[in-house]
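Here the structure is laid out as structure tokens; the discussion comes afterwards.
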Amino acid sequence: MKQLIPTFFLAVLLVSCGKDQLSDHFNCKDINTKNNLKEYRDFLKNFYIEIPDNWKTELFYDEYSSSVFAADTTKNLTESFLLDISWRQGELNIDDAFKKQLQDSVLNTQRLTTIKDGMITFKNKPSFFNLAGGKQGNYNYQFFQLYVKTGMDEYITLTSKVYGDKKIARRICESIAYFNTLRIIK
742 MKQLIPTFFL AVLLVSCGKD QLSDHFNCKD INTKNNLKEY RDFLKNFYIE IPDNWKTELF
802 YDEYSSSVFA ADTTKNLTES FLLDISWRQG ELNIDDAFKK QLQDSVLNTQ RLTTIKDGMI
862 TFKNKPSFFN LAGGKQGNYN YQFFQLYVKT GMDEYITLTS KVYGDKKIAR RICESIAYFN
922 TLRIIK
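Under the working numbering, think of the first position of the sequence shown as 742, with each following residue one higher.
Structure (structure tokens):
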């Protein structure tokens, strides 16, 4: 009996560590990424991400950042979403001050209101997500951001822009499913 208790706690720990906290926060169930995925590596070799092979995808880099942009151009803007996955060099402290600064930035520069946010663990790294909503042009707009601290002076941002009013929750969950394909190189 004494040997079963440590084994039980180890099993619970392993299951909870592998659990997808982000999908849980958004009640994402039965969302699978498409079968025909292509793996992209950013130019500065910090991460891999899987994107459908028929999506328009562009890569960008400079001295301090490296990005993969992707969009399903086979659908209308209000039926799809835009993805931006970026590695950035710079200090990131995920704490209450960061949360406040991000909320102020979203409100003041983009005129969006925070819908949901939280500190989580993503890919075994300290992370923070923010979902904000408002209007951009003639469209209702949802802006989802995930910040993942990957090192002392580097981090990855994963963002999804969702336009329109239909199937918003599903498109956010699809974005999260693609974000879950992220592999950090280190």
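Glycine residues also receive a C-beta, built at the ideal position from the N, C-alpha and C atoms.
Do you know how far the Cα of residue j is from the Cα of residue i?
i           : j           : result
residue 859 : residue 880 : 26 Å
residue 920 : residue 897 : 11 Å
residue 846 : residue 877 : 16 Å
residue 805 : residue 895 : 9 Å
residue 867 : residue 828 : 15 Å
residue 870 : residue 800 : 23 Å
residue 832 : residue 843 : 14 Å
residue 809 : residue 783 : 6 Å
residue 769 : residue 854 : 22 Å
residue 834 : residue 848 : 20 Å
residue 865 : residue 886 : 18 Å
residue 761 : residue 901 : 18 Å
residue 765 : residue 807 : 29 Å
residue 790 : residue 907 : 26 Å
residue 840 : residue 857 : 11 Å
Would the beta-carbon of residue i fall within 8 Å of that of residue j?
i           : j           : result
residue 861 : residue 891 : no
residue 905 : residue 819 : yes
residue 792 : residue 802 : no
residue 826 : residue 763 : no
residue 883 : residue 909 : yes
residue 811 : residue 821 : no
In terms of DSSP beta bridges, what is residue i paired with?
i           : result
residue 912 : DSSP lists no partner for residue 912.
residue 809 : 800 and 826
residue 900 : 825 and 886
residue 881 : 876
Nearest to residue i by alpha carbon, out of the options?
i           : options               : result
residue 787 : 816, 889, 903 and 912 : 889
residue 911 : 762, 848, 767 and 761 : 767
residue 913 : 811, 864 and 823      : 823
residue 927 : 773, 771, 761 and 785 : 785
residue 872 : 865, 852 and 864      : 852
residue 777 : 789, 770, 831 and 794 : 794
residue 863 : 899, 836 and 907      : 899
Taking only heavy atoms of the ligand HEM into account, decide whether any of them is closer than 7 Å to the Cβ of residue i.
i           : result
residue 861 : Absent from the structure shown: the ligand HEM. Ligands present: none.
Below 8 Å on the Cβ atoms is my contact criterion, and I expect residue i with residue j to pass it. Report the Cβ-Cβ distance as a whole number of Å.
i           : j           : result
residue 814 : residue 797 : 5 Å
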